[in-house]
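Trainee: Take this structure, written in structure tokens, and hold onto it; I'll ask about it next.
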Amino acid sequence: MLFGAWWLPEPRSRSIATPAPTEPRINDRIRAREVRLVSAEGEQVGIKPLPEALAIARAADLDLVEVAPQATPPVCRIMDYGKYKYEAAQRAKESRRKTTQVSIKEMKYRVKIGRGDFDTKTKKVEHFLGEGHKVKLTIMFRGREVAHPELGMKILENVAEQVKDIAKIEAAPKLDGRNMIMVLAPDKRAQDAAARRKAAEASGESVPTETDEVPEPAPVATEQ
């Protein structure tokens, strides 16, 4: 005879407490009886009873922040905690921005590309470079087009000419099977020079140039 297990208690669900964010104790949350006090200017005030340290901080319209809870007695500093948190968040944001990995984007062209498609793709290349990315340009040859690498070279030279104010050639054009590849990278110095040139033009100042005439970009092969 089989007996049911109706009498067995249901297992209790166990909730796991999420640890609180590691923020220092401030003001009335500080538990120590006495603290080693540091002024808002960073000077050592000495060991003070907690009520006295709180009174000093409140008199300066600032916060008492526990900066070294493991010390005996714990070290507390007088500061504007709201301002401190804001500045720390800004520093963290700037640090993340600087450590953002630069990715390599790719833009593909064909030898017999039309002017409209060429302009659209090249504007996208400018957008990638403006965001700080490197761009791999790939010219794809079809059939017997591979016997005329100079056609692909003209397109790459034309792209480089159009983005010369924001980019530099990091990897020169080279054939890779049936493709020709060139890599562009953002050029901070060129961007700064272009910005100065535009500012000078806007103010009516003369802008020095290397030559009197700017050469026209190399023509782009059009569809036949």
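Using this note's numbering, the first residue of the sequence shown is number -3, and each one after it goes up by one.
For glycine and all other residues, C-beta sits at the position ideal for the given N, C-alpha and C.
1. Return yes when the Cβ of Leu50 is within less than 8 Å of the Cβ of Leu60, no when it is not.
2. Leu60 lies in the beta strand (DSSP E); which residues open and close that run?
3. Please give me, in chain order, every unbroken run of the alpha helix (DSSP H) with length at least 4 that falls completely inside the stretch 71 to 121.
4. Would the beta-carbon of Lys132 fall within 8 Å of that of Ile177?
5. For Thr118, count neighbouring Cβ atoms within 10 angstroms of its own Cβ and tell me buried if that reaches 16, exposed if not.
6. Can you give me the Cβ contacts of Arg32 inside the same chain, cut-off strictly under 6 Å, excluding the 5 residues immediately before and after it?
7. Which parts of the stretch 16 to 54 are runs of the beta strand (DSSP E), unbroken and 3 residues or longer, counting only runs that do not cross its ends?
8. On the three-state DSSP scale, how would you describe Glu146?
9. Taking Asn175 and Met149 to be in contact with their CB atoms under 8 Å, please state how far apart those CB atoms are, rounded to whole angstroms.
10. For a test of the three-state rule: what should DSSP assign to Asp172, helix, strand or coil?
11. With the cut-off set at 8 Å, would you say Ile162 and Gly128 are in Cβ contact?
12. When you compare each of Thr116, Glu122, Ala85 and Ile109 to Lys101 by their alpha carbons, which one comes out closest?
13. What separation, rounded to the nearest whole angstrom, lies between the Cα atoms of Val179 and Gln158?
14. Output the distance between the C-alpha atoms of Asp115 and Ala156, rounded to the nearest integer angstrom.
15. In this structure, how does DSSP classify Ala195 when only helix, strand and coil are distinguished?
16. Across the stretch 76 to 87 and the stretch 138 to 145, are there enough close Cβ pairs to call them in contact, namely three or more that are closer than 8 Å?
17. With distance defined between alpha-carbon atoms, name the residue in Asn154, Glu153 and Glu30 nearest to Ala67.
18. Rounded to the nearest angstrom, what separates His144 and Val107 at their Cα positions?
19. Pro182: buried (16+ other C-beta within 10 angstroms of its C-beta) or exposed?
20. Using alpha carbons as the reference points, say which of Leu152, Pro20, Ser199 and Lys160 lies closest to Gly78.
21. Just confirm the distance between the C-beta atoms of Ala36 and Ile74, as a whole number of angstroms; I'd bet it's less than 8 Å.
Mentor: Judging by the given coordinates:
1. Contact: yes.
2. Asp59 to Ala64
3. 77 to 94
4. yes
5. Around the beta carbon of Thr118, 16 or more other beta carbons sit within 10 angstroms, so the residue counts as buried.
6. Ile43, Pro69 and Val71
7. 30 to 34 and 40 to 45
8. helix
9. The pair is not a contact, with the Cβ atoms about 13 Å apart (cut-off 8 Å).
10. strand
11. For Ile162 and Gly128, no; Cβs fall outside 8 Å.
12. Glu122
13. 14 Å
14. 13 Å
15. Of the three classes helix, strand and coil, the one that applies to Ala195 here is helix, per DSSP.
16. no
17. Glu30
18. 9 Å
19. buried
20. Pro20
21. 5 Å
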